[in-house]
Amino acid sequence: MSDNTKKEEKAKLEHQYPTPRGISGNLAKIVFLLMTDVTTKFSCQGRENFPKNNPYVVASNHQCFADGVLIAKYLPKGHFKWMCALVASDLETDYGWLGRLIVRVGRGIAVDRFGNPVRGLIKAKKEVENGNICFVFPEGTRCDHGKLGEMKDGAAYIAIKANVPMVPIYISGAYQIWPKGQKWPKPWKAPFKRRKLVIHVGEPLKGEDYDNDPHKLTAAYAEWEHKMEDMYFDPEK
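One gets our numbering by counting positions in the sequence shown from 1 and adding 647 to each.
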């Protein structure tokens with residue numbers, strides 16, 4: 648794909664945010680989660696920490712391509728239709744049919760991670776104000792080693808400006824199943840031995856408890872994430 652074509656595709660994505668999920672997006676979510684249930688030991692801890700009512704922001708570590716779909720399985724009933732996600736614009740243009748499908752499932756809102764992210768953040772804030780649940784991965788990308796990277800303030804900014812809680816999520820086990828650079832997931836640790844995959848949901852964080860300062864809220868989120876990593880990250884699982 649030429650550079651001009653990529654720019655046109657990115658511009659198109661920006662204008663249609665959130666990307667329509669459609670039949671293909673809903674079907675892909677159902678099939679992927681069914682396969683995940685069958686091939687892994689998939690569970691959730693702290694599901695009761697999700698707010699009963701939308702809107703809110705979900706902030707999670709980023710271990711694999713499908714993190715957003717994995718979290719979506721455990722959203723409260725009826726909340727998935729309100730789910731949208733802040734996604735890198737190159738996911739739509741540089742990762743083939745899989746990237747485009749993930750953007751559909753997540754109802755992606757494009758942000759340029761190599762340029763100015765403000766436009767994407769403002770769009771996401773407006774969608775949250777309209778009642779949507781926005782998924783954000785504060786690291787911005789998956790790490791090669793599966794451990795936490797540097798946190799950015801995007802999720803905290805959206806939560807504070809939209810005056811909604813931010814729900815921290817830590818995913819354990821996804822990196823071992825589908826690490827960066829591996830084309831397809833490998834859920835089996837050994838023949839007939841499924842890998843463990845857990846979604847950990849923390850208590851919501853509120854901007855007013857941190858002086859409505861995105862830096863302070865992000866710092867509190869990062870502290871929680873690192874505690875969870877210390878407890879649950881195991882590269883050999």
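Ideal Cβ positions, reconstructed from N, Cα and C, are used throughout, including at glycine. These figures come from a predicted structure and were not determined experimentally.
query                                                                                                            : result
Cβ of Trp831 within 8 Å of any chain B Cβ                                                                        : Of the chains in the structure shown, none is chain B; there is only one protein chain.
Three-way DSSP call (helix, strand, coil) for Pro882 in this model                                               : coil
For Ala837, the three-state DSSP class (helix, strand or coil)                                                   : strand
Proximity below 8 Å, CB of Glu739 to CB of Ala757                                                                : yes
Identity of the residues DSSP links to Gly755 by a beta bridge                                                   : Ala732
Through-space distance from Phe679 to Trp744, alpha-carbon basis                                                 : 15 Å
Val734 versus Phe880: straight-line alpha-carbon distance, rounded                                               : 24 Å
Which listed residue (His709, Asn696, Asp737 and Lys724) has its alpha carbon closest to that of Asn824          : Sequence inspection shows Ile at residue 824; the Asn mentioned does not correspond to that position. When only C-alpha atoms are compared, the closest one is His709.
Beta-carbon gap between Lys688 and Lys836 smaller than 8 Å                                                       : no
Supposed contact pair Gly669 and Arg751 - C-beta distance, whole angstroms, cut 8 Å                              : 6 Å
Host beta strand (DSSP E) of Lys843 (start-end)                                                                  : Lys843 to Val848
Whole-angstrom distance between Ile780 and Pro723, CA atom to CA atom                                            : 11 Å
In chain order, each beta strand (DSSP E) run of at least 3 residues that lies wholly inside the stretch 766-848 : 780-783, 813-819, 835-837 and 843-848
Range covered by the beta strand (DSSP E) that runs through Lys688                                               : Lys688 to Gln692
Selection from Glu786, Gly820 and Phe727 that minimises the alpha carbon distance to Phe697                      : Phe727
Euclidean distance between Cα positions of Trp753 and Thr666                                                     : Position check: residue 753 holds Gly in this sequence, whereas Trp was assumed. Their Cα atoms are separated by approximately 8 Å.
Where Glu870 falls, given that 16 or more other Cβ within 10 Å makes a residue buried                            : exposed
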